[in-house]
Amino acid sequence: MTTDIIEVNDFIVMIDSTDSKEAELFNCQFEDDIIGITFYNSGHVDIHAFDDRENKNSTILKSRKGKCISFYGQQGVKFSHNISQKEPLQSVSIFSTRDNLLKLSNNEKALYELHLSELLQTSDWFKSGPEVRLTPEMQLTISKIFSNSFQGYSRLLFMKSQVLELLSHYFSKLEQTENIVMDEHELQKLYKAKEIMENNIHTPPTLNELSKLIGMNNNKLKKNFKQIFGMPVFKYLQIQRLQKAYQLLQNQESTVQEAAWQVGYESLSSFSHAFFKQYGFRPSKFSK
């Protein structure tokens with residue numbers, strides 16, 4: 001596994017990636033009480049948190065693609081990461097001590113006190129905090145973190161802007177989630193719809209077909225999907241297509257034409273235009 005560690009203000013940021021074909025085990029330990037927020041753009045990781053000083057019960061966090069987790073760990077708590085070989089790993093972790101968070105400006109500190117109060121106040125040796133699904137905005141920010149070509153101080157300045165952007169999207173998502181009141185059964189239907197679209201980006205179902213597959217009428221599906229995921233169904237599909245194409249091109253697994261076809265674009269010009277609108281450059285950049 002490749003780990004890039006940088007300091008951004010009072011945060012420690014770890015940027016992890018691997019495309020190993022074999023499972024990997026990674027261990028770490030923190031020297032202070034910390035609060036962590038980790039964004040998994042891709043990958044399949046089981047995190048084992050334990051404290052063998054007092055023989056305390058261990059905790060396992062199952063981290064998956066498209067998931068963001070938060071947690072608190074006391075000084076000396078150990079973390080063992082079991083990284084699956086099922087798919088490449090891309091994750092960004094942002095850590096801070098509780099003391100440093102309390103030294104933030106009043107406006108910034110209020111975000112943590114409002115949304116992560118259980119982590120700031122707990123006396124447990126380890127505690128899990130809120131979990132959210134990555135929004136397309138978060139995924140785009142993470143993609144920019146992994147694909148930038150800046151060096152030296154320019155890179156540090158760029159990373160600082162992206163970390164702050166990622167945290168802004170994270171807290172915005174928490175606010176939206178906390179304000180939404182929806183029946184759990186209905187919520188599961190929407191996540192099923194999202195999964196169906198993600199698994200069928202080349203030949204997606206129509207809105208009518210999707211409605212039947214999840215057992216929800218068209219109007220309700222359109223309204224509730226946008227409420228939960230922040231955009232219409234087929235806008236979400238477009239972003240998933242472009243992100244898949246981005247990965248194929250970045251990993252040199254496909255030509256531009258092949259990537260466009262694999263994600264469901266019949267017109268190369270339409271694909272190039274949509275790609276430019278999403279990422280700010282043409283997909284042909286990867287072939288140079």
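Positions 1 to 288 (the UniProt record's numbering) are the ones given, in order, by the sequence shown.
Beta carbons: idealized from backbone N, C-alpha and C, even for Gly.
8 angstroms contact criterion, which Leu190 and Asn219 should meet: CB distance rounded: With 8 angstroms as the limit, Leu190 and Asn219 do not qualify as a contact, their Cβ atoms being about 14 angstroms apart.
- Message: Just list the residues that DSSP pairs Gln29 with in beta bridges.
- Response: Lys78
- Task: Output yes or no for whether 8 angstroms exceeds the beta carbon distance between Phe11 and Ile142.
- Result: no
Task: As assigned by DSSP and simplified to three states, the class of Ser269 - done: helix
- [ ] Alpha carbon to alpha carbon, how far is Lys78 from Gln29? Give it in angstroms, no decimals.
- [x] Across the structure, Gln29 and Lys78 are spaced so that their CA atoms are roughly 5 angstroms apart.
**OP:** Can you give me the Cβ contacts of Leu134 inside the same chain, cut-off strictly under 8 angstroms, excluding the 5 residues immediately before and after it?
**Re:** Phe39, Tyr40, Asn41, Gly66, Lys67, Cys68, Ile142
Buried or exposed, going by whether 16 or more other CB atoms sit within 10 Å of the CB of Ile34? buried
- Query: Any chance the segment 195 to 209 sits against the segment 232 to 242, with 3 or more Cβ pairs inside 8 angstroms?
  - Reply: yes
query: Distance, Cα to Cα, Pro88 vs Ser17?
result: 7 angstroms
TODO: Return the CA-CA distance between Asp99 and Asn208, expressed in angstroms with no decimal places.
DONE: 52 angstroms
Practice problem: Compare the Cα-Cα distances from Pro232 to each of Thr3, Thr59, Pro136 and report the closest residue. | Solution: Pro136
- Message: Taking only three categories from DSSP, how would you classify Arg282?
- Response: For Arg282, the three-state secondary structure derived from DSSP is coil.
Counting only the same chain and skipping the five closest in sequence on each side, list residues whose C-beta sits under 7 angstroms from that of Arg282.
-> Ser272, Phe275, Phe276
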